[in-house]
Structure formats: structure tokens, C-alpha cells
Amino acid sequence: MVKAELVKQSPLRILDASTRGGLGKGNLGVLTARHGLGKRSAMVHLAVDRLLQGKGVIHITFSSRVQHVLDYYEEIFTEISKMKSLEKAFEVYEELVAHRMVMNFEQKTDVQHILESVKARLGEKTFAVDTVIVDEFNFALTKKEELEAFQSFAKSIGVELWFSVSLKDEGAASLQPVPLVLLPYEYFFSVMINLRAHREDGKVHLEMIKDHASKPQDTHLVLDAKTLLILKD
């Protein structure tokens, strides 16, 4: 099965349809969940989907184990290739990762330094970047000016920029649609998604809590605990 078919049949097309075609260049999006529910898996699935479309991805991580992030990419791609019987999967994967950059910073690194470093790498790139992922950004320590810097960066270079955020103790039991830690910065985001474990069916659902200017709709998407893929419920 060719890459175009993988893209066409991906459940992420449902997410694109739910968000009027996706997050969109120049916009900020955020995926939230309690620790351990699968944020990184969901973000990497999103990144692999972009790579399959021939789009470049920069993945910014604050993890001390960068190899752990790289392993996620290989695991997610492997599961996609197994489910869709992708021929010459290893060759395809090598082609995809050539259009991906993983950059590692310490959590306390100044945001301006991060963005300047990314811009410097963009000047060295041999592929066009479409998506930037900021993995496990600590919103409890951020400031309005830093979100403005990220927003200005996304608009200036024409990329969609996704954050993933750990909610620690809030999330599944919270009745507040927008997590408390994000309330001061809600207006910066065009799309907000929460991973929430439902007691009724035991599945982790992707709940749309903000969809540009439209009323959020049920995505009918879940995160498969075994494959770590986003699937249609």
C-alpha cells in the first residue's frame, strides 16, 4: 500500500475534518492529558502522519532521554505499517525520518533561546517544515510573553505548532473543559484537545474542547492502549 493510501485512510483525517481542515499554519494547538495516558504517542502519530504526507516536522523535547522519543517514532510507524501492510516499510521509514528533526532542551531553557536555535536549524535544513511539536511544555512556569513569542514564530515561518501538556492530578476527574493550567492562555490556541479516560468503556478518548471559532464536536477517536495509535472508536 502506497503512502498516499496510508494518509487517505488514516483516522487523523477525521480529526482534520473536525477542525475545519486541521490546525492550520500560523496557529497554536495543544493536546492535554494526565501523565501516562498517551500524549506523546498521540503527538508522534500526528507527526508521522505529516511525514507520510511529505511534510517536514521539528519535534522539540525536554526529555532527558531523547532516544525514548526516537523509539516512539519507530514504534508508531511500525504499528501503522503492520496494520496497513506497507511494503518496504524500512525504506519508507528511512525516507520519513530524513524529514524530521528532534531538538532537545532543558525545561528551564529560555523560550527565546529555543526559538533562535530552531530558526538556526531551519537555516540548515534541506526540507520544508510544516509542523513543530513542543513536547511536555511546562505551562505552570510560562508567561504570556513566551506564548506570544511562540505564536509570532509560528506565523512568521508558516507552521502549525502543537504543544503537549501533562495535567498531573487534574483531567479525568475535572468538570472544567479547559484545564486550569491553560485558562490564562486559552485565547492563544486555535485547537485544544484533551485525552480523557472514560470509565464507561475503559478507552482513552480524544475530546475536542476548542475548535477554532466553531463549537467542538465529538471526534469519535480513541487511543489504542496496545498499538498506541489514534483509531476510530
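Sequential numbering of the sequence shown, starting at 1, is according to our numbering. Built from N, CA and C at the ideal position, the CB exists for glycine as well.
Using a Cβ-Cβ cutoff of less than 7 Å, which residues in the same chain neighbour V115 once the five nearest sequence positions on both sides are dropped? Just to set this straight, residue 115 is Leu in the shown sequence, not Val. Around L115: A149 and F153.
Within 10 Å of its beta-carbon, does K215 have 16 or more other beta-carbons around it, so buried, or fewer, so exposed? exposed
Where do the ends of the beta strand (DSSP E) carrying S164 lie? Run containing S164: E160 to S166, per the beta strand (DSSP E) assignment.
Express the C-alpha separation of G202 and S41 in angstroms, rounding to a whole number. 18 Å
For Y207, three-class secondary structure by DSSP: Going by the sequence as given, residue 207 is Glu instead of Tyr. E207: strand per DSSP, three-state reduction.
With DSSP as the reference, label T61 as helix, strand or coil. strand
If distances are taken between C-alpha atoms only, which option among R196, K210 and S81 comes closest to L23? K210
Measuring CA to CA, which of P11, V129 and D16 is closest to I80? P11
Just the C-alpha distance for I230 and G26, rounded to the nearest angstrom, thanks. I230 and G26 have their C-alpha atoms roughly 24 Å apart.
Which residues in the same chain have their Cβ closer than 7 Å to the Cβ of F188, if we skip the five residues on either side of it in sequence? L28, L147 and Q151
How big is the Cα-Cα spacing for G56 and R20? 21 Å
Report the three-state DSSP secondary structure of L231 (helix, strand or coil). L231 sits in a strand when the DSSP states are folded into three classes.
May I ask you to verify whether the segment 109-123 touches the segment 35-50, counting CB pairs closer than 8 Å and requiring at least 3? no
C-beta contact flag for L96 and L6 at 8 Å: no
Locate the alpha helix (DSSP H) running through S10, then write down its first and last residues. S10 -> no alpha helix (DSSP H), and no H or E assigned at all.
Taking the alpha carbon of Q217 as the reference point, which residue from G158, A225, L223 and E207 has its own alpha carbon closest? E207
For the putative contact between I60 and I133, defined by C-beta atoms under 8 Å, what is the C-beta separation to the nearest angstrom? Between I60 and I133, the beta carbon gap of about 7 Å places them in contact (Cβ cut-off 8 Å).
Extent of the continuous alpha helix (DSSP H) run through D71: V66 to M83
Kindly list the residues whose CB is nearer than 7 Å to the CB of G158, restricted to its own chain and excluding five residues on each side of it in sequence; keep chain order. K25 and G26
Using a Cβ-Cβ cut-off of 7 Å (strictly less than) and excluding sequence neighbours within five positions of T219, which residues of its own chain qualify? I14, L15, S18, L206 and M208
Expressed to the nearest angstrom, what Euclidean distance is found between the alpha-carbon atoms of N194 and E186? If I take the Cα positions, the gap works out to 13 Å.
Suppose contacts are defined by Cβ-Cβ distances below 8 Å. Is T32 in contact with P179 by that definition? yes
Just mark D233 as buried or exposed, buried being the case when its beta carbon has 16 or more other beta carbons within 10 Å. exposed
Outcome for D71 when other beta-carbon atoms lying within 10 angstroms are tallied against a minimum of 16: exposed
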